[in-house]
Amino acid sequence: MTSNTRVVVIGAGLAGVTLARRLGELGTPALLVGEEEHPPYNRVLLAEVLAGRYAPEVIALPAPAGLLRGRVTGIDRAAREVRCADGSAIAYDTLVLATGSNPVLPPLRGLFTPGHELPRGVHAFRTMDDCLGLSAAVRPGARAVVVGGGLLGVSAARALAVRGAQVVLAQQAERLMERQLDPGASALVLRHLRGLGVEVHTECRVRDVRCVGGAVRSVELADGYALDADLVVLACGVHPRTGLAEDAGLAVRKGVLVDDELRTSDPRIHAIGDCAQHAGTVYGLAAPALEQATALAGLLAGDPTTPAARYTGTRALTRLTLGGPALTAPAAPGPRAPFDLAAFGETEPRPGDDVVQLADATRGTYRKVVVRDDRLVGGVLVGELGTVGALARAWEGAESLPADGGPLLHLLTNDGGS
Ligand SMILES: Cc1cc2nc3c(=O)[nH]c(=O)nc-3n(C[C@H](O)[C@H](O)[C@H](O)COP(=O)(O)OP(=O)(O)OC[C@H]3O[C@@H](n4cnc5c(N)ncnc54)[C@H](O)[C@@H]3O)c2cc1C
């Protein structure tokens, strides 16, 4: 690709910003179009802003040159241009969709007002605006109900508890963060939340949101029990933002389908991050979004130093930081230390796999790795990530582990080099 090729990237989130910055470094400047009012930020750290630990500007991403604020409303593939909400059009030679995901709004009775807005007091938790809205509404002693016990629900519940709210978390599944964590690690997350005063209900379905005068008053559970609520956070998952791609006639299943060069069904249009579906998988996580952005930058700029010319799926760890003590909040009961989690690959063994597990109930730590045919295929660490560097190298390298089992234990106990 020549450096005067027009690369347009839609979405100034983690994937879009990383791609645009990397392309700039490689001498292929891109135009990045993002709709959010705030300067680009690291979404992963929003809960830290909600907890009062970081000011919004602390989580800003280094902004690339060529950032345009605006919302893209359509793609004209024949004319090779995108249309924006302000009526302008931008021509492209190569287009990249990095549009992220939208929160899933569960089909609860009472959730939608006639104007299709959420009732006052009910918040999603995806954007800086959601975060600042929640932050302005939370008060010490406020009764908050968090619907959903995945990564988002757990981080929101934790942050609100740190701000002094009385938090109830309603999780439909039988344990917390069941998509990322195994039962042992889930149990430690539960203990951590309870230590902060969060009341956690598992196997608990919310069916109704009750409002008075357009403001939420309570949440009703499937068994008829009602929880009083000043605030409700909807953390029921996300779905990829595929509307632009669908309207433009690109192949879309759960996400926008891409091949190993992150190309959609139109070879001039690529997709990366939460909106993309590669080899059947929509990751919805930061590390794969960054990997895809870096791989695509190398592919588009023809960078010989990019390790793989093709994207073959993630080899990155999912690292989840559930924060440390708040800077501004009143003291919350329970543990005050940062609570870190890392998970990668397959955290549940198949028959015949080897598992090494170390748990320390007093320190609240848990480490487990799964090995198949002398290869590390997955693992989970909670509470203490000193060994994460060594594990990441073994996982990313996909090398055979020596057969005597010793190195495995070493991987789990060696705190150096992370
Ligand atoms: C509170 C929270 C905590 C999280 N914690 C973790 C974590 O601990 N670990 C982890 O791995 N992942 C975490 N995630 C998930 C992670 O943030 C996402 O996987 C990551 O942000 C994906 O990056 P992206 O660039 O694909 O999408 P996004 O970051 O969502 O960015 C997409 C951007 O595109 C913009 N956009 C969309 N459509 C248009 C349009 N038509 N025109 C212009 N702009 C548009 C959006 O407004 C948005 O700014 C968390 C997410 C949230 C919300």
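When we follow our numbering, the leftmost residue of the sequence shown carries the number -5, and every step to the right adds one. No residue lacks a Cβ here, since even glycine has one placed at the ideal position from N, Cα and C.
Counted as a single uninterrupted DSSP element, the beta strand (DSSP E) harbouring residue 210 occupies residues 209 to 215.
For residue 263, the secondary structure class from DSSP, reduced to helix, strand or coil, is strand. Here residue 219 is exposed. Its C-beta has fewer than 16 other C-beta atoms within 10 Å. Linking residue 116 to residue 201 through their CA atoms gives a straight-line distance of about 14 Å. A residue is called buried once 16 or more other Cβ atoms fall within 10 Å of its Cβ, and residue 99, having fewer, is exposed. Taking the Cα positions, residue 367 is about 23 Å away from residue 312.
Taken through DSSP and simplified to helix, strand or coil, residue 373 comes out as strand. Within the same chain, Cβ atoms closer than 6 Å to the Cβ of residue 263 are found at 89, the five residues on either side in sequence being excluded. Residue 160 has its alpha-carbon roughly 7 Å from the corresponding atom of residue 191. The region 368 to 381 and the region 333 to 340 touch, with three or more beta-carbon pairs separated by less than 8 Å.
In this structure, the straight-line span from the alpha carbon of residue 46 to that of residue 145 is close to 19 Å.
Annotated three-state conformation of residue 55 is coil, per DSSP. Per DSSP, residue 68 is one residue of the beta strand (DSSP E) stretching across 66 to 70. Ranked by Cα distance from residue 49, the first of 85, 173, 125 and 293 is 125. Between ligand 1 and the CB of residue 119, the shortest heavy atom gap is smaller than 7 Å.
Residues 362 of the same chain have their beta carbon placed closer than 6 Å to that of residue 351, with the five preceding and five following residues left out of the count.
For residue 36, the closest C-alpha among the options 153, 55 and 44 is that of 55. According to the DSSP assignment, residue 8 belongs to the alpha helix (DSSP H) that extends over 8 to 19. Placement of the Cβ of residue 235 at a distance of less than 7 Å from at least one heavy atom of ligand 1 is found. Rounded to the nearest angstrom, the Cβ distance from residue 13 to residue 290 is 6 Å, consistent with a contact under 8 Å.
Short note on residue 82: C-beta not closer than 7 Å to any heavy atom of ligand 1.
Distances from the CB of residue 7 to the heavy atoms of ligand 1 include at least one below 7 Å. Closer than 7 Å to some heavy atom of ligand 1: that describes the Cβ of residue 65. In this structure residue 372 is buried. Its beta-carbon is surrounded by 16 or more other beta-carbon atoms within 10 angstroms.
DSSP, read as helix, strand or coil, puts residue 186 in helix. Taking 8 Å as the cut-off, the Cβ atoms of residue 295 and residue 22 count as close. The Cβ-Cβ distance between residue 6 and residue 30 falls below 8 Å. Assignment of residue 97 by DSSP, reduced to helix, strand and coil, places it in the strand class. Taking the C-beta atoms as reference points, residue 221 is found no nearer than 8 Å to residue 141. Within the chosen limit of 7 Å, ligand 1 does not reach the beta carbon of residue 143 with any heavy atom. Here the alpha carbon of residue 203 sits roughly 11 Å from the alpha carbon of residue 228.
Within the same chain, Cβ atoms closer than 7 Å to the Cβ of residue 17 are found at 1, 23, 24, 291, 294 and 295, the five residues on either side in sequence being excluded. In this structure, residue 66 lies near residue 238, with their beta-carbon atoms less than 8 Å apart. Secondary structure of residue 133 (DSSP, three-state): coil. Under DSSP, residue 354 shares a beta bridge with 359.
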